[in-house]
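Participant: Heads up: the sequence lines are chains A and B, in that order.
Under numbering that gives the first Met the number 0, the first residue of the first sequence carries the number 0, and numbering increases by one thereafter.
Under numbering that gives the first Met the number 0, the first residue of the second sequence carries the number 0, and numbering increases by one thereafter.
Pasting in a structure now, in C-alpha cells, and then I'll have a few things to ask.
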Amino acid sequence: MTVPKASALIAANLRRRIVTGDLAAGQMLPSETSLMAEFGVSRPTLREAFRILEAESIITVVRGPRGGARVLAPDGAMAARYTGTLLQYQGTPLSDVYRARTEIEVSAVGMIAAARGKSPVRALAAVLGDGDAIVDDEAAFAEYSLRFHLAVVENAGSTTLAVLGRMLFEIIDTHNALFIASHPPGFERPVNRTAQRAYRKLVNLLDGGDGLAAQRHWRRHLEAVEKFMVGQSDTALVEVLS
Amino acid sequence: MSVKAAEVVAAALRRRIILGELQEGDVLPPEDILLADLGVSKPTLRQAIRILESESLVTVRRGARGGIHVSVPRIETAAGYAATVLEFRETTISDLFEAAAALEGPCAAMLARSRTTGQLERLRIAAEAEAAMRDDAQRLLELENDFHRLMIDMAGNATLRVLCEMVRVVIDAATRRYLAGTRPDVHGPAVQAGARTHLRVVDLIERRDADGAEALWRKHIRATAAQVKRAGGPDMVLDLLG
C-alpha cells in the first residue's frame, strides 16, 4: 500500500472543510504560516497542497503581498470543462453527446410525470412564458432554450441528474453558439418557433398527467433537434470545441 | 503578457493532447525551445502552462526529474471532480441512485435494440458467473458492479458511459459500505436477488424487449437503493466519501 503524500492529505483536509461549508466560497483560507503550524509541514508541502486544490478549481491563489488562497464554490464548471476534454480525447462524435442528452431528458420527463405534486410542471410552465417574445432573436432564444432544458433536468427530483445534465448542456451550448455564428442571420428562426411550440406541448402533456405521451413527444423533439444541429456530416467533438 | 495569447497557446497544446500527439507522461520540450517554437513571450507561455495545469492536463515538477509532464484526461479524474460537486451540493445517496436509474435505464433499452450475438453471449457469461458466485457475497457484489459497467459499455454511447461512471464510483462505495455494515443473512439474499435480476435482464435483451429491459433495470436500481437505505449508514455522499 502506498502512503499518500502529506500534500495530498492536507488537500483532502482542506477540500473537506470547503465542501462541508466550514470554509465558505469567497472566504480566504487561514494564512500560510498558521496552516504550516496547524499541519506541521513546510511551506513547499503546503504550497503543493494549494496547487492540487487550485487545479481542482476549488481555491484560487492570489499572489503578492495582499495575496492568499480564496475559496471558490465547486459549481461544476471545472467538472464540465474536464468532461468535455475527456470526451474529445476519447474521440466522441457530436451526435453521441446529443443522443445522451435525449436519453437524460426523456428520463427526466418521466420523473417529472411520476412526481407526486404539480410543482415541477409549474416550474417548467414558468420558464415557458419568456420564450414567445424572443423567437426571432437567435442569441436570446438560445439562452432561453438552455434555461428550459435545464429546468427539465433540474425539476426531475435528482440533484445528481441535474449536475450531470448541466455538464452536457455546457457542451451543447458551446456548439449551439458556433452553429448560430456559422449560419446566416435568421437561419434558426423557423426552428425556434417549432421549439417553442414543442416546449408548450410538453408542459401541456405533463400538466394533463400523460407521462408516456410527454416522453414520446420529447424524444421526437430532441431527435429532430439532433438532426438539425448535427445533420448528416457528424463531426468529432474535438472539431467543435478545440 | 496577453491573456488572449496565453489562451491560444493553451488551446494549441490542449488540442495536441486531445489528438494524442502528446501522450501520458510525455515531457514538454525545455522552455527556450517551446518559446522559439511557439513564438511567444516567456510570461505568455507560463500563463498558458498555468491554464493547462488548472485543467489537470499538465503537472509541473521541480527538481532532477522536473519539467512539464502531460496527463491525458482520465475518467477517474472527471469522476473525482463530479464527486466534489455532489458533496458540495449536499447530495444524498438516494438521489444518486435516482440518477443511476435515469442514466442506466436508457442504456439497457439501447442495448436491447442494438445488441449483437457476441454481446449477448458475453452478457450471459457474466450473469452466469454471478450465479456461480452466490456464496461469496463480497466477490458477487464486485461481479454485479462489473455487470452494470459491461451493460453500459455495450450500450455504445460514450457520453452516457462517462456520466454513468461518475455515479458508479459513488455507488461502488455505497454498496461496499452496505456489505460491510450488514449481517450475511441480510445482505446475502439481497445480492443473490440482484444476480437473478441480471439473468432476467439478459433474457429481455436477448428478446430485444427494450421497454421491458429498461423498466426492469430501473426497478433493480431502485431496489438496491431501498436496501442500502434500510441498512442505515451514511445518507450523504459527503459522509460516504469524505
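Ideal placement from N, C-alpha and C gives every residue a C-beta, glycine not left out.
Note that the coordinates shown come from a computational prediction; the quantities given were computed from them, not determined experimentally.
Can you name the residues that DSSP bridges to residue 67/A?
Facilitator: Residue numbering aside, residue 67/A sits at position 68 when the first sequence is read from its first letter. DSSP, once it has assigned bridges, lists 61/A as partnering residue 67/A.
Participant: Cβ closer than 7 Å: which chain A residues qualify as neighbours of residue 72/B?
Facilitator: Start at 1 with the first residue of the second sequence, and residue 72/B comes out as number 73. Here the neighbours are 81, 84, 85, 88.
Participant: Exposed or buried, what is residue 227/A when buried is set at 16 or more other beta-carbons lying within 10 Å of its beta-carbon?
Facilitator: Your numbering for residue 227/A matches position 228 in the first sequence. That one is exposed.
Participant: Flag residue 160/A as yes if its beta-carbon sits less than 9 Å from any beta-carbon of chain B, otherwise no.
Facilitator: Mapped onto the first sequence, residue 160/A falls at position 161. Chain B contact via Cβ: present.
Participant: What residues of chain A sit near residue 17/B, judged by a beta carbon separation below 8 Å?
Facilitator: Position 18 of the second sequence, counting from 1, holds the residue named residue 17/B. Here the neighbours are 84, 87, 88, 237, 241.
Participant: Please confirm whether residue 108/B and residue 213/B have their CB atoms less than 9 Å apart.
Facilitator: The sequence position of residue 108/B within the second sequence is 109, counting from 1. The sequence position of residue 213/B within the second sequence is 214, counting from 1. Yes. Within cutoff.
Participant: Restricting to Cα atoms, I'd like to know which of 93/A, 198/A, 231/A is closest to residue 126/A.
Facilitator: One-based indexing of the first sequence puts residue 126/A at position 127. Among 93/A, 198/A, 231/A, the Cα nearest to that of residue 126/A is on 198/A.
Participant: Identify whether residue 66/B lies in helix, strand or coil by the three-state DSSP scheme.
Facilitator: What you label residue 66/B is simply residue 67 of the second sequence in a count that begins at 1. Residue state, collapsed to three classes: strand.
Participant: What in chain A is Cβ-close to residue 86/B, meaning under 7 Å?
Facilitator: Indexing the second sequence from 1 puts residue 86/B at position 87. Chain A residues near residue 86/B: 18.
Participant: Looking at C-alpha atoms only, which residue of 161/A, 7/A, 241/A, 26/A is the closest neighbour of residue 70/A?
Facilitator: Your numbering for residue 70/A matches position 71 in the first sequence. It is 26/A whose Cα lies nearest to the Cα of residue 70/A.
Participant: Taking the alpha-carbon of residue 200/A as reference, which of 87/A, 120/A, 173/A, 133/A has the nearest alpha-carbon?
Facilitator: Counted from its first residue, the first sequence places residue 200/A at position 201. Out of 87/A, 120/A, 173/A, 133/A, 120/A has the C-alpha closest to the C-alpha of residue 200/A.
Participant: Roughly how many whole angstroms lie between the Cα atoms of residue 0/A and residue 8/A?
Facilitator: Sequence index remark: in the first sequence, residue 0/A carries index 1 (1-based). Sequence index remark: in the first sequence, residue 8/A carries index 9 (1-based). Model confidence at residue 0/A stands at a pLDDT of 42, short of 50, so the residue's coordinates are unreliable and nothing is read from them.
Participant: Taking only three categories from DSSP, how would you classify residue 72/A?
Facilitator: Locating residue 72/A in the first sequence gives position 73, counting from the first residue. Coil.
Participant: Would you list, in sequence order, the uninterrupted alpha helix (DSSP H) runs of no fewer than 4 residues that lie entirely inside the region 23–54 of chain B?
Facilitator: Whole alpha helix (DSSP H) segments, 4+ residues: 30–37, 41–53.
Participant: Where does the unbroken alpha helix (DSSP H) through residue 101/A begin, and where does it stop?
Facilitator: If you number the first sequence from 1, residue 101/A lands on position 102. Looking at the DSSP string, the run of the alpha helix (DSSP H) that includes residue 101/A is 93–113.
Participant: Identify the contact partners of residue 105/B in chain A, using a Cβ-Cβ distance below 9 Å as the criterion.
Facilitator: As a working mapping, residue 105/B is identified with position 106 in the second sequence. In chain order: 99, 101, 102, 103, 105, 106.
Participant: Count Cβ pairs between the region 36–54 of chain A and the region 8–23 of chain A that sit closer than 8 Å; are there 3 or more?
Facilitator: The region 36–54 of chain A is in contact with the region 8–23 of chain A.
Participant: Mind pulling the beta strand (DSSP E) runs of 3 or more residues that sit fully within the region 141–229 of chain B?
Facilitator: Entirely contained in the region 141–229 of chain B, not one beta strand (DSSP E) run reaches 3 residues.
Participant: Tell me residue 60/B's beta-bridge partners as DSSP assigns them.
Facilitator: As a first step, residue 60/B must be located in the second sequence, where it is residue number 61. The partner list for residue 60/B (beta bridge, DSSP) reads 66/B.
Participant: Terminal residues of the continuous alpha helix (DSSP H) containing residue 12/A?
Facilitator: Position 13 of the first sequence, counted from the start, is the residue given in the question as residue 12/A. Taken as a continuous stretch (DSSP letters only), the alpha helix (DSSP H) holding residue 12/A covers 5–18.
Participant: Flag residue 53/A as yes if its beta-carbon sits less than 9 Å from any beta-carbon of chain B, otherwise no.
Facilitator: Residue 53/A sits at position 54 when you count from the first residue of the first sequence. Yes - at least one Cβ of chain B is within 9 Å of the one on residue 53/A.
Participant: Just to make sure I have the definition right: I need the residues of chain B whose C-beta is within less than 7 Å of the C-beta of residue 120/A. Which are they?
Facilitator: In the first sequence, residue 120/A corresponds to position 121, counting from 1. Per Cβ cutoff of 7 Å: no residues; residue 120/A is ~18 Å from chain B at best.
Participant: Let's see if you can read the secondary structure: which residues bound the alpha helix (DSSP H) around residue 40/A?
Facilitator: If you number the first sequence from 1, residue 40/A lands on position 41. That residue, residue 40/A, is in no alpha helix (DSSP H); it is neither H nor E in DSSP.
Participant: For residue 151/A, decide whether its Cβ has a neighbour in chain E, counting only Cβ atoms nearer than 9 Å.
Facilitator: Given the protein chain composition of this structure (A and B), no chain E is represented.
Participant: Go ahead and pull the three-state DSSP assignment for residue 235/A.
Facilitator: The residue given as residue 235/A occupies position 236 in the first sequence. Correct three-state label for residue 235/A: strand.
Participant: By alpha-carbon positions, which one of 232/A, 20/A, 102/A ends up nearest to residue 163/A?
Facilitator: Counted from its first residue, the first sequence places residue 163/A at position 164. Checked all of 232/A, 20/A, 102/A; the closest Cα to residue 163/A is 102/A.
Participant: Just to check, is the beta-carbon of residue 198/B closer than 8 Å to a non-hydrogen atom of the ligand GTP?
Facilitator: The ligand GTP is not among the ligands present in this structure, which contains no ligands whatsoever.
Participant: I'd like to know if residue 55/B contacts chain A, where contact means its C-beta is closer than 9 Å to some C-beta of that chain.
Facilitator: As a position in the second sequence, residue 55/B is number 56, starting the count at 1. So, interface residue.
Participant: Indicate the three-state DSSP secondary structure (helix, strand or coil) for residue 77/A in the structure shown.
Facilitator: Within the first sequence, residue 77/A is the residue found at index 78, counting from 1. Residue state, collapsed to three classes: helix.
Participant: For the region 123–156 of chain B, which residues have a CB atom closer than 7 Å to at least one CB atom of chain A, in sequence order?
Facilitator: So the list reads 156, given in the order they occur along the chain.
Participant: Using a Cβ cut-off of 9 Å, pull out every chain B residue sitting near residue 156/A, in sequence order please.
Facilitator: Counted from its first residue, the first sequence places residue 156/A at position 157. Residues of chain B passing the Cβ test: 94, 97.
Participant: Based on the DSSP output, what are the partners of residue 91/B in its beta bridges?
Facilitator: Here residue 91/B is taken as the residue at index 92 of the second sequence, counted from 1. Answer by DSSP bridge pairing, in chain order: 235/B.
Participant: Please list, in chain order, the residues of the region 60–80 of chain A that have any C-beta partner in chain B closer than 8 Å.
Facilitator: If the cut-off is 8 Å between Cβ atoms, the region 60–80 of chain A has 72, 73, 74, 75, 77, 78, 80 near chain B.
Participant: Are the region 178–185 of chain B and the region 223–233 of chain B touching, with three or more C-beta to C-beta distances below 8 Å?
Facilitator: Yes, they touch.
Participant: Against chain B, does residue 95/A count as a neighbour if the rule is that its beta carbon must be under 9 Å from one of theirs?
Facilitator: As a position in the first sequence, residue 95/A is number 96, starting the count at 1. Interface residue, yes.
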